[in-house]
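Chemist: I have a structure here, written as structure tokens, and I will follow up with some questions on it.
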Amino acid sequence: MQFPSPVSTQWIASFIDAKIIGNNTSNATGINEIHKVETGDLVFVDHPKYYDTCINSAATFIIINKELEAPEGKTLLVVENPFEAYCKIVNHFRPFEAADKMISNTVVIGKDSIVYPAVFIGHHVTIGKNCTIYPHVTILDHCILGDNVIIQSGSIIGSNAFYYNTKKDREVWYKKMPDCGRVIIEDDVEIGASCTIDRGVSHDTIIGKGSKLDNMIHIGHDTVIGKNCLIAAQVGIAGATTLEEGVTLWGQVGVNKTLTIGANAVVFAQSGVPGNLEGNKVYFGTPAVEAREKQKELVWIKRIPELWDKVMGK
Amino acid sequence: MQFPSPVSTQWIASFIDAKIIGNNTSNATGINEIHKVETGDLVFVDHPKYYDTCINSAATFIIINKELEAPEGKTLLVVENPFEAYCKIVNHFRPFEAADKMISNTVVIGKDSIVYPAVFIGHHVTIGKNCTIYPHVTILDHCILGDNVIIQSGSIIGSNAFYYNTKKDREVWYKKMPDCGRVIIEDDVEIGASCTIDRGVSHDTIIGKGSKLDNMIHIGHDTVIGKNCLIAAQVGIAGATTLEEGVTLWGQVGVNKTLTIGANAVVFAQSGVPGNLEGNKVYFGTPAVEAREKQKELVWIKRIPELWDKVMGK
Amino acid sequence: MQFPSPVSTQWIASFIDAKIIGNNTSNATGINEIHKVETGDLVFVDHPKYYDTCINSAATFIIINKELEAPEGKTLLVVENPFEAYCKIVNHFRPFEAADKMISNTVVIGKDSIVYPAVFIGHHVTIGKNCTIYPHVTILDHCILGDNVIIQSGSIIGSNAFYYNTKKDREVWYKKMPDCGRVIIEDDVEIGASCTIDRGVSHDTIIGKGSKLDNMIHIGHDTVIGKNCLIAAQVGIAGATTLEEGVTLWGQVGVNKTLTIGANAVVFAQSGVPGNLEGNKVYFGTPAVEAREKQKELVWIKRIPELWDKVMGK
Numbered sequence: 024m025q026f027p028s029p030v031s032t033q034w035i036a037s038f039i040d041a042k043i044i045g046n047n048t049s050n051a052t053g054i055n056e057i058h059k060v061e062t063g064d065l066v067f068v069d070h071p072k073y074y075d076t077c078i079n080s081a082a083t084f085i086i087i088n089k090e091l092e093a094p095e096g097k098t099l100l101v102v103e104n105p106f107e108a109y110c111k112i113v114n115h116f117r118p119f120e121a122a123d124k125m126i127s128n129t130v131v132i133g134k135d136s137i138v139y140p141a142v143f144i145g146h147h148v149t150i151g152k153n154c155t156i157y158p159h160v161t162i163l164d165h166c167i168l169g170d171n172v173i174i175q176s177g178s179i180i181g182s183n184a185f186y187y188n189t190k191k192d193r194e195v196w197y198k199k200m201p202d203c204g205r206v207i208i209e210d211d212v213e214i215g216a217s218c219t220i221d222r223g224v225s226h227d228t229i230i231g232k233g234s235k236l237d238n239m240i241h242i243g244h245d246t247v248i249g250k251n252c253l254i255a256a257q258v259g260i261a262g263a264t265t266l267e268e269g270v271t272l273w274g275q276v277g278v279n280k281t282l283t284i285g286a287n288a289v290v291f292a293q294s295g296v297p298g299n300l301e302g303n304k305v306y307f308g309t310p311a312v313e314a315r316e317k318q319k320e321l322v323w324i325k326r327i328p329e330l331w332d333k334v335m336g337k
Numbered sequence: 024m025q026f027p028s029p030v031s032t033q034w035i036a037s038f039i040d041a042k043i044i045g046n047n048t049s050n051a052t053g054i055n056e057i058h059k060v061e062t063g064d065l066v067f068v069d070h071p072k073y074y075d076t077c078i079n080s081a082a083t084f085i086i087i088n089k090e091l092e093a094p095e096g097k098t099l100l101v102v103e104n105p106f107e108a109y110c111k112i113v114n115h116f117r118p119f120e121a122a123d124k125m126i127s128n129t130v131v132i133g134k135d136s137i138v139y140p141a142v143f144i145g146h147h148v149t150i151g152k153n154c155t156i157y158p159h160v161t162i163l164d165h166c167i168l169g170d171n172v173i174i175q176s177g178s179i180i181g182s183n184a185f186y187y188n189t190k191k192d193r194e195v196w197y198k199k200m201p202d203c204g205r206v207i208i209e210d211d212v213e214i215g216a217s218c219t220i221d222r223g224v225s226h227d228t229i230i231g232k233g234s235k236l237d238n239m240i241h242i243g244h245d246t247v248i249g250k251n252c253l254i255a256a257q258v259g260i261a262g263a264t265t266l267e268e269g270v271t272l273w274g275q276v277g278v279n280k281t282l283t284i285g286a287n288a289v290v291f292a293q294s295g296v297p298g299n300l301e302g303n304k305v306y307f308g309t310p311a312v313e314a315r316e317k318q319k320e321l322v323w324i325k326r327i328p329e330l331w332d333k334v335m336g337k
Numbered sequence: 024m025q026f027p028s029p030v031s032t033q034w035i036a037s038f039i040d041a042k043i044i045g046n047n048t049s050n051a052t053g054i055n056e057i058h059k060v061e062t063g064d065l066v067f068v069d070h071p072k073y074y075d076t077c078i079n080s081a082a083t084f085i086i087i088n089k090e091l092e093a094p095e096g097k098t099l100l101v102v103e104n105p106f107e108a109y110c111k112i113v114n115h116f117r118p119f120e121a122a123d124k125m126i127s128n129t130v131v132i133g134k135d136s137i138v139y140p141a142v143f144i145g146h147h148v149t150i151g152k153n154c155t156i157y158p159h160v161t162i163l164d165h166c167i168l169g170d171n172v173i174i175q176s177g178s179i180i181g182s183n184a185f186y187y188n189t190k191k192d193r194e195v196w197y198k199k200m201p202d203c204g205r206v207i208i209e210d211d212v213e214i215g216a217s218c219t220i221d222r223g224v225s226h227d228t229i230i231g232k233g234s235k236l237d238n239m240i241h242i243g244h245d246t247v248i249g250k251n252c253l254i255a256a257q258v259g260i261a262g263a264t265t266l267e268e269g270v271t272l273w274g275q276v277g278v279n280k281t282l283t284i285g286a287n288a289v290v291f292a293q294s295g296v297p298g299n300l301e302g303n304k305v306y307f308g309t310p311a312v313e314a315r316e317k318q319k320e321l322v323w324i325k326r327i328p329e330l331w332d333k334v335m336g337k
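Structure representation (structure tokens):
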């Protein structure tokens, strides 16, 4: 999330009661979790295992629970509980706004767009021209829809990320990260019935122009779907993953987090994608490999009894 | 879709600005996409690969983008863009009707049926006797429910088909087919929570008498489920597939499009069905094979290390 | 289900027109289906295959369609159709209550809890303090939510069990069991968007304190999820299963009914769990085995061609 305007180191340090180490003259331009961090951003880290990664990330400001040396030009903000400090900043810049009606007064809806009855649209949502929003759709705060977008019944745009701060030495192991990202749905996208598109934790979840999603598809936080992708029913894509342009995923495919599927790749039904896939190829299986390789493997498995007989001299 | 009354060749040709080749005296009785086409129907084709299939299908009228010879008694309607012509006809006979309330005035609901609050029911829907429709259900235009039907919360009846006209040489690759089919749910059917039953593209999606669906089941367009089928949670069935009577699908099964599963077949959980399955058998695996065959295969796989040792003389 | 107060043998026998065999002086304290039966309960059995199991279960009262000997202290209630008798009792003690508004007057909602617009809450529901219930959530009758619970949009709490009385010699094979169980969601639980949590058939479905569920998760009737479990998107868990504390299930996992997954077990994405799993281990595959075993198996499969070549002397 970008801040509405740059925020001084002093203001932040005072707001979260932090000790400043390093540069104390620069201004923060936003806040992001580690996967989406940019120059000028605040980030937080509370586990020694990730200290190096965060300090050496693109972030300019690191909220941390240990006094370490700050790299040139960077600022460490030392607090006892960096997670709580992060939450406090996010909640300050993205405060909860109660909803008391089905469509917020702050919603902007373009010409010739049709909104059926029983649609909930939260605050600061923008919907383009010539869209159709079917009954029982939920579009939560700050989401943006382009032109000619269709959202079928029961779909949820902008649900919270499944993203927790984990500490197994306390009674409640998983504490919710407040999320300040959005969902951006570009022009000519169709979202089928009963899909869930989670908002970014701190950045944006994006569905690219012309992509078509069937029913019951889950798209995780901060995931970016390229243009003209085709995604069949019951596919699930975890967080912060990228599909390049023209990717096709058939039904019930599962895709792991923080990976990339290359342009025009095709993944057959029920496959599980654990890591990056090159574009312009066809994949199958759990874990997904090139489909022709998988087909050969299936044939080889059927030949084991024959092989056994040969070895046994039958 | 059947037309309300037969439509003359001349009217159609004039409406879509087509050149007539062949029989110019007959009347069209309906319009269907290629998988569901019947005698008297209009169909369209815009790719040379499918010219023969469409011209030789049951259709009497073929909207096409090439001047070819018409078989005896058939009519070719030559236009530049057959897909657009098809859409124009469908939209004419099945025009969009805006919904301004949760339950349309045109809905017919039978005796002793219970409709909870927060249910959306579109135009021209018929619901039989003694049904229960739970909160947040969506039943879209033209769907038909029999008697003693239960639709649990959040289910969507009559969502649009996932069916597109594809051309990868234009900016938006996938263009939506307007669908004019319906969903027909027969007597004594139960649909669990958060299911999606897509309407037919041009024909009907049917759930047969006495069938029971668990939660989060996706049924594709034009699919026909027989009587007394039992379908467990999170199953997905693609378009234009047929389940004969008494089929059982366990949880998370995926079924491909345009295939048939024979009567009383049982498919174990998480299986993937790529092609036809004979009835009265039990199946397992992706791709699904007879379960006892799959079980043997799993045992053989576990014996590979033993086989390796034998070959290596250990 | 416990009865509001104990019910005499005579009242029950008269209500369902049963012949009493055995003890005719005790009082029934509740009614349960066989998986959840307790001392003092009524249970029913209508198939000779299950007579022994039911008569020797914890149940004190057995509604049965055969005159058999009653064990010491137990009561057989002989009727022609035990299923219908069971339904009659359940429906008497848990009668259908029509809903005429989005939030029943009988709902109790704790301090600082936020209920968005378009939420349906049925009769006799209790919601604790500091909860957030997002738009288009459905919470059906008799469910109980603790404090700090978040239910994201479109989720259904308390849908009916997928549980039928099956007889293939009648026209409609599957007849619905009326369910009288509840869903209990403990403190600090988060339920993602578009989940479905079925109520118990006769007992309770429980989501333990601090557990976090991602989107589109299906939890079957009478299933008990322990504390601090983490369940990723599109997981399905069948009925009457138990997850002990700290279990992690990754995306699209399927879990069979009436089994137990031990504390702190981790099951990788898309796995299928057919039977009990020991705690403190990591699992993968369909059927799920220890992950390192499965990984070895995948390597062995890739070595079949090499093995073939060795045997063939290439």
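Chains as they are written, first to last, in this note's numbering: chain A, 24 to 337; chain B, 24 to 337; chain C, 24 to 337. Idealized CB from N, CA, C, for every residue including glycine. If you're wondering where the values come from, they're calculated on a predicted model, not measured in any experiment.
1. Which class does residue 106 of chain C belong to by DSSP, given the choice of helix, strand or coil?
2. Three or more beta-carbon pairs under 8 Å between the segment 153-161 of chain B and the segment 190-204 of chain B, yes or no?
3. In angstroms, rounded to a whole number, what distance separates the CA positions of residue 54 of chain B and residue 66 of chain B?
4. Just how far apart, CA to CA, sit residue 161 of chain A and residue 105 of chain C?
5. Does any residue of chain B have a CB that is nearer than 8 Å to the CB of residue 275 of chain A?
6. So which residues of chain C does residue 139 of chain B contact, with C-beta pairs closer than 8 Å?
7. My guess is that residue 99 of chain C and residue 108 of chain C are in contact by the Cβ rule of under 8 Å, so how many angstroms apart are they, rounded?
8. Mind pulling the chain A residues with CB within less than 8 Å of residue 180 of chain C?
9. In the segment 270-334 of chain B, which residue ranges form an unbroken beta strand (DSSP E) of at least 3 residues, counting only runs that do not cross its ends?
10. Flag residue 221 of chain B as yes if its beta-carbon sits less than 8 Å from any beta-carbon of chain C, otherwise no.
11. Check distances from the C-beta atoms of the segment 198-225 of chain A to those of chain B and list, in chain order, the residues that come in under 8 Å.
12. Under 8 Å between beta-carbons, which chain C residues line up against residue 334 of chain A? List them in chain order, please.
13. Nearest to residue 282 of chain A by alpha carbon, out of A:317, A:250, A:275 and A:243?
14. Tell me, please, which residues DSSP counts as bridged to residue 205 of chain B.
15. Going by the CB atoms, is the gap between residue 262 of chain A and residue 184 of chain A shorter than 8 Å?
16. Going along chain C, which residues have a C-beta under 7 Å from residue 159 of chain B?
17. Determine the burial state of residue 24 of chain B: buried for a count of at least 16 other Cβ atoms within 10 Å of its Cβ, exposed for fewer.
18. Relative to the C-alpha of residue 201 of chain B, which residue among B:210, B:234 and B:117 is closest?
19. Could you tell me the boundaries of the alpha helix (DSSP H) in which residue 25 of chain C lies?
20. Classify residue 119 of chain C as buried or exposed, calling it buried when 16 or more other Cβ atoms lie within 10 Å of its own Cβ.
21. Within a Cβ cutoff of 6 Å, which residues of the same chain sit near residue 257 of chain B, ignoring the five residues on either side of it in sequence?
22. How would you call residue 303 of chain B, buried or exposed, if buried means at least 16 neighbouring beta carbons within 10 angstroms?
23. List the DSSP bridge partners of residue 266 of chain A.
24. Rounded to the nearest angstrom, what separates residue 95 of chain C and residue 43 of chain C at their Cα positions?
25. Shorter than 8 Å from the beta carbon of residue 104 of chain B to some beta carbon of chain A?
26. Work out the CA separation of residue 142 of chain C and residue 159 of chain B for me, nearest whole Å.
27. Please name the residue in C:69, C:285, C:75 and C:82 whose C-alpha comes closest to that of residue 52 of chain C.
28. Grouping DSSP H, G and I as helix and E and B as strand, with all else coil, what is residue 41 of chain A?
29. Go ahead and pull the three-state DSSP assignment for residue 81 of chain C.
30. List the residues of chain C whose Cβ lies closer than 9 Å to the Cβ of residue 125 of chain A, in chain order.
31. In whole angstroms, what is the alpha-carbon distance linking residue 111 of chain B and residue 128 of chain A?
32. Counting only Cβ pairs nearer than 8 Å, list the residues of chain A close to residue 261 of chain B.
33. Would you mind working out which of B:71, B:86 and B:147 sits nearest residue 36 of chain B, comparing C-alpha positions?
34. I need the DSSP call for residue 69 of chain C, collapsed to helix, strand or coil.
35. Check whether the Cβ of residue 24 of chain B lies closer than 8 Å to any Cβ atom in chain A.
36. If the cut is a Cβ gap below 7 Å, which residues of chain B does residue 237 of chain A touch?
Modeler: Put simply:
1. Here residue 106 of chain C corresponds to residue number 83 of the third sequence, with the count starting at 1. Correct three-state label for residue 106 of chain C: helix.
2. no
3. Translated into positions along the second sequence, residue 54 of chain B becomes position 31. Translated into positions along the second sequence, residue 66 of chain B becomes position 43. Looking at the two C-alpha atoms, the distance is approximately 6 Å.
4. Within the first sequence, the letter at position 138 stands for residue 161 of chain A. Within the third sequence, the letter at position 82 stands for residue 105 of chain C. Their backbone Cα atoms lie some 45 Å apart in a straight line.
5. What you label residue 275 of chain A is simply residue 252 of the first sequence in a count that begins at 1. Yes, contact with chain B.
6. Taking the second sequence and counting its residues from 1, the one referred to as residue 139 of chain B is at position 116. Chain C residues near residue 139 of chain B: 122 and 143.
7. The residue labelled residue 99 of chain C in the question sits at position 76 within the third sequence. The residue labelled residue 108 of chain C in the question sits at position 85 within the third sequence. At roughly 12 Å, the Cβ-Cβ gap does not stay under 8 Å, so residue 99 of chain C and residue 108 of chain C are not in contact.
8. Looking up residue 180 of chain C in the third sequence gives position 157. In chain order: nothing, as chain A lies at least about 16 Å away.
9. 305-307
10. Taking the second sequence and counting its residues from 1, the one referred to as residue 221 of chain B is at position 198. By this cut-off, residue 221 of chain B is not an interface position.
11. 211, 213, 215, 216 and 217
12. Walking along the first sequence from the start, residue 334 of chain A turns up at place 311. Near residue 334 of chain A (Cβ distances below 8 Å), the residues of chain C are 334.
13. Counted from its first residue, the first sequence places residue 282 of chain A at position 259. If we check each option's Cα against that of residue 282 of chain A, A:243 comes out closest.
14. Here residue 205 of chain B refers to the residue found at position 182 when the second sequence is read from its first residue. DSSP output for residue 205 of chain B lists B:227 as bridge partner(s).
15. In the first sequence, counting from the first residue as 1, residue 184 of chain A sits at position 161. In the first sequence, counting from the first residue as 1, residue 262 of chain A sits at position 239. Yes, Cβ-Cβ distance for residue 184 of chain A and residue 262 of chain A is below 8 Å.
16. Against the second sequence, residue 159 of chain B aligns to sequence position 136. Near residue 159 of chain B (Cβ distances below 7 Å), the residues of chain C are 143, 159 and 161.
17. In the second sequence, the residue the question calls residue 24 of chain B occupies position 1. It counts as buried.
18. Along the second sequence, one-based indexing puts residue 201 of chain B at 178. Comparing Cα positions, the closest option is B:117.
19. Along the third sequence, one-based indexing puts residue 25 of chain C at 2. That residue, residue 25 of chain C, is in no alpha helix (DSSP H); its beta strand (DSSP E) goes 25-31.
20. Counting from one through the third sequence, the residue named residue 119 of chain C turns up at place 96. The residue is exposed, with fewer than 16 neighbouring Cβ atoms inside 10 Å.
21. If you number the second sequence from 1, residue 257 of chain B lands on position 234. Closer than 6 Å at the Cβ level, and outside the excluded window around residue 257 of chain B, lie 239, 274 and 275.
22. Start at 1 with the first residue of the second sequence, and residue 303 of chain B comes out as number 280. Residue 303 of chain B should be labelled exposed.
23. Counted from its first residue, the first sequence places residue 266 of chain A at position 243. Residue 266 of chain A is bridged to A:248 and A:284.
24. Translated into the one-based positions of the third sequence, residue 95 of chain C becomes position 72. Translated into the one-based positions of the third sequence, residue 43 of chain C becomes position 20. Distance between the alpha carbons of residue 95 of chain C and residue 43 of chain C: 14 Å.
25. For the purposes of this step, residue 104 of chain B is identified with residue 81 of the second sequence, where counting begins at 1. So no, residue 104 of chain B is outside the interface.
26. The sequence position of residue 159 of chain B within the second sequence is 136, counting from 1. The sequence position of residue 142 of chain C within the third sequence is 119, counting from 1. Approximately 9 Å between the Cα atoms of the pair.
27. As a working mapping, residue 52 of chain C is identified with position 29 in the third sequence. That would be C:82, whose Cα lies nearest to the Cα of residue 52 of chain C.
28. If you number the first sequence from 1, residue 41 of chain A lands on position 18. Of the three classes helix, strand and coil, the one that applies to residue 41 of chain A here is coil, per DSSP.
29. Here residue 81 of chain C is taken as the residue at index 58 of the third sequence, counted from 1. Coil.
30. The count along the first sequence starts at 1 and reaches residue 125 of chain A at position 102. Ordered by position in chain C, the residues that pass the 9 Å Cβ test against residue 125 of chain A are 140, 141 and 158.
31. Here residue 111 of chain B corresponds to residue number 88 of the second sequence, with the count starting at 1. Here residue 128 of chain A corresponds to residue number 105 of the first sequence, with the count starting at 1. Roughly 36 Å separates the two Cα atoms.
32. Sequence index remark: in the second sequence, residue 261 of chain B carries index 238 (1-based). The contacting residues are 255, 256 and 274.
33. By one-based count along the second sequence, residue 36 of chain B stands at place 13. Nearest of B:71, B:86 and B:147 to residue 36 of chain B, Cα basis: B:86.
34. For the purposes of this step, residue 69 of chain C is identified with residue 46 of the third sequence, where counting begins at 1. The answer is coil: DSSP assigns residue 69 of chain C none of H, G, I, E or B.
35. Within the second sequence, residue 24 of chain B is the residue found at index 1, counting from 1. Judged by the 8 Å Cβ criterion, residue 24 of chain B is not in contact with chain A.
36. In the first sequence, the residue the question calls residue 237 of chain A occupies position 214. Ordered by position in chain B, the residues that pass the 7 Å Cβ test against residue 237 of chain A are 185.
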